[in-house]
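The sequence shown finishes on residue 195 if you use this note's numbering, and the numbering steps up by one all the way, no holes. Note that CB positions come from ideal geometry on N, CA and C, so glycine has one too. Remarks on the structure that follows.
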Amino acid sequence: DRAAYWQQHASAMRDYLLNNAWSEKRQAFTDSLGGEYLDASVLLMAEVGIIDPKDPRFVSTVEALEKALCDGPFMRRYEAPDDFGAPEVAFNICTFWRIDALARIGRQAQGREIFEAMLAARNHLGLLSEDTHPITGEMWGNFPQTYSMVGLINGAVRLSEPWDTVI
Numbered sequence: 029d030r031a032a033y034w035q036q037h038a039s040a041m042r043d044y045l046l047n048n049a050w051s052e053k054r055q056a057f058t059d060s061l062g063g064e065y066l067d068a069s070v071l072l073m074a075e076v077g078i079i080d081p082k083d084p085r086f087v088s089t090v091e092a093l094e095k096a097l098c099d100g101p102f103m104r105r106y107e108a109p110d111d112f113g114a115p116e117v118a119f120n121i122c123t124f125w126r127i128d129a130l131a132r133i134g135r136q137a138q139g140r141e142i143f144e145a146m147l148a149a150r151n152h153l154g155l156l157s158e159d160t161h162p163i164t165g166e167m168w169g170n171f172p173q174t175y176s177m178v179g180l181i182n183g184a185v186r187l188s189e190p191w192d193t194v195i
């Protein structure tokens with residue numbers, strides 16, 4: 029009975045998010061309910077089961093995020109200015125969220141290209157920092173960064189063929 033109770037609440041929250049975080053103007057899910065800014069964290073909506081990745085709203089969100097937050101293969105976390113101004117560097121985990129989303133919507137080849145760019149951004153030990161400057165390639169932020177390395181692993185898994193197809 030508790031599972032049914034929480035499933036009902038989860039469904040209500042999911043419906044509320046899908047109805048109130050969508051921006052007709054931006055043709056994307058935004059950073060907050062009724063918000064106007066884009067944030068890469070919405071790419072996780074498909075991973076956690078809030079939305080089917082083939083839903084046209086999710087596909088449109090991926091495209092809007094790419095236009096607003098990407099510098100080549102690299103993706104910034106958000107577009108809203110913070111205490112330091114508009115974000116300038118890519119937050120590496122967001123680039124890996126993008127790779128995951130691209131694979132889920134059927135753009136595996138592009139996801140693979142971006143994955144290769146992230147492999148090339150690693151240092152001589154194969155490590156990544158928290159952020160990458162999209163022009164200079166310099167590593168910024170915390171180093172080494174666990175989120176970036178987990179993103180690398182998750183990206184490799186997402187882009188790999190299932191074991192049962194290659195064994």
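Comparing alpha-carbon positions, which option in the options lies nearest residue i?
i	options	result
Asp-159	Trp-125, Ala-131, Ile-121, Ala-137	Ile-121
Gln-53	Gly-63, Asn-170, Tyr-44, Pro-190	The sequence shown places Lys at residue 53, not Gln. Measuring from the Cα of Lys-53, the nearest candidate turns out to be Gly-63.
Ala-145	Ile-133, Ala-118, Phe-112	Ala-118
Arg-85	Leu-45, Trp-50, Thr-193, Gln-36	Trp-50
Lys-95	Ala-40, Met-73, Ala-56, Ala-32	Ala-56
Arg-135	Asp-110, Pro-81, Tyr-33	Pro-81
Glu-189	Leu-45, Ala-137, Ser-69, Ala-38	Ala-137
Leu-61	Leu-45, Gly-113, Asp-192	Leu-45
The alpha helix (DSSP H) with residue i in it runs from where to where?
i	result
Ala-148	136-148
Asn-151	That residue, Asn-151, is in no alpha helix (DSSP H); it is neither H nor E in DSSP.
Arg-42	30-48
Ala-108	First-last for Ala-108: undefined, no H or E at that position.
Leu-72	72-75
When DSSP labels each residue in this structure, what does residue i get in the three-state scheme?
i	result
Ser-188	coil
Phe-124	helix
Phe-171	coil
Phe-86	helix
Ala-114	coil
Ser-60	coil
Thr-193	helix
Ser-176	helix
Ser-69	helix
Apart from the five residues on each side of it in sequence, which residues of its chain come closer than 8 Å, Cβ to Cβ, to residue i?
i	result
Leu-71	Thr-89, Val-90, Leu-93, Cys-122, Trp-125, Arg-126, Asp-128, Ala-129
Tyr-204	Given that the chain is displayed from residue 29 to residue 195, the structure contains no residue 204 and the question cannot be resolved.
Ala-184	Phe-143
Trp-168	Val-117, Ser-157, Glu-158, Asp-159, Thr-160, His-161
Asn-182	Phe-124, Asp-128
Met-177	Leu-155, Leu-156
Going along the chain, which residues of its own chain have a beta-carbon closer than 7 Å to the beta-carbon of residue i, five neighbours each way excluded?
i	result
Glu-75	Asp-128
Ala-131	Gly-139, Arg-186, Leu-187
Arg-42	Ile-78
What residues in its chain sit with their C-beta under 6 Å from that of residue i, if we drop five residues either side in the sequence?
i	result
Leu-155	Pro-172
* Asked: Do the stretch 96-116 and the stretch 138-157 meet, that is, are 3 or more Cβ pairs less than 8 Å apart?
  -> yes
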